[in-house]
Each structure stands twice: as C-alpha cells, then as structure tokens.
Amino acid sequence: MTEPSSKPAIALGSDHAGFELKELLKAELLPQGYTVLDLGAFGPDSVDYPDFGHAVAQAIEEGRAPMGLIVCGTGIGISIAANRNPAVRAALCHNGLEARLAREHNDANVLALGARIIGTEAAKDALSEFLNTEFGGGRHEGRVAKLGQS
Ligand code: RB5
Numbered sequence: 219m220t221e222p223s224s225k226p227a228i229a230l231g232s233d234h235a236g237f238e239l240k241e242l243l244k245a246e247l248l249p250q251g252y253t254v255l256d257l258g259a260f261g262p263d264s265v266d267y268p269d270f271g272h273a274v275a276q277a278i279e280e281g282r283a284p285m286g287l288i289v290c291g292t293g294i295g296i297s298i299a300a301n302r303n304p305a306v307r308a309a310l311c312h313n314g315l316e317a318r319l320a321r322e323h324n325d326a327n328v329l330a331l332g333a334r335i336i337g338t339e340a341a342k343d344a345l346s347e348f349l350n351t352e353f354g355g356g357r358h359e360g361r362v363a364k365l366g367q368s
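The working numbering puts the sequence shown at residues 219 to 368.
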C-alpha cells in the first residue's frame, strides 16, 4: 500500500497563453509527489483569464488546495482576478528570489507567472522556491493580517 502524499495539493489555473507553461510545471510537480488540482485551461484555444483566476481562488477559499499556481501571458490579469478573493494572496513573480520573499514576507498562497515574460528555468526556480519556503512570521504577521483589511 502506498503512503498518502505529505505534499500539499496545488490548484493550477491558466488561460490559453499560460497553458503550455502550466502543463510543463504540472509535469515537474507530479513526480515530486504533489497532488495537482488542474482547473484548466485544458488546451491552447482562446479563453478568458479571469475565469481561471477565480476558479483557483475559489479552490483556495474552499480549502480544496492550500496553494495555487496561476499563469497567463503576463501573469497580471490572472493575478488581479485571483486577488479579488480575500482568501488569496497571489504574488506575480519573475524569479526564485521574488517567489521566496513572497512566501517569507507576504505568506503568499498563490504564485502567478507570466508565460510570455518568464523563461522556463526561471519559472521552475520560482515554483520550487515558492513551494519550499515557509512564511517567516514575526514582524510580518501583523502586516499580512492588515492585507485582509480594506
Ligand atoms: C491573452 O492574450 C493575455 O491578455 C492574457 O494572457 C494576460 O496576459 C492578461 O493579463
């Protein structure tokens, strides 16, 4: 009998522009033992990025996954969509350092990437840092709590 995975589930979402990078990163996650909750897009046909940002945000809000990965052409539109949900702290990152600091300082729970902006290796590095960095707590606690206020 196989042991249940200790790795968290990751909700994935992209539009058509982010589809290929989402698939590439999904292929990185699965052999590492992550469970992926792929909410689409499921092909390169043109779709609307807010639909997928909202779907990932809803999965986070409902506790179906503690973390998410969202990808569109720039990462901007899909992160704006996801961040409209108060359960989400989506960080648009371009490298591993930003992704690490997004976890350490901001307790970001969704990584946003721009497939037309970032290279494959930087995207892999950002995802790895994002998933392997804990929130720093301490002086960051109160600031992150304030993100939930308007
Ligand atoms: C799609 O052409 C593009 O607008 C979208 O992927 C994203 O970059 C929007 O922010």
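Idealized CB from N, CA, C, for every residue including glycine.
For the candidate residues 312, 227, 328 and 237, whose alpha-carbon lies nearest to that of residue 272?
-> Closest option to residue 272, Cα to Cα, is 328.
Environment of residue 302 [buried if 16+ CB atoms lie within 10 Å] | exposed
Residue interval of the alpha helix (DSSP H) (run including residue 230) = Here residue 230 belongs to no alpha helix (DSSP H); instead the beta strand (DSSP E) covers 227–232.
Could you check what DSSP says for residue 338 in three-state terms: helix, strand or coil?
-> Residue state, collapsed to three classes: helix.
Terminal residues of the continuous alpha helix (DSSP H) containing residue 365?
-> 357–365
Take the Cβ of residue 307 as the centre, count every other Cβ of all protein chains shown within 10 Å, and call the residue buried at 16 or more, exposed below.
-> buried
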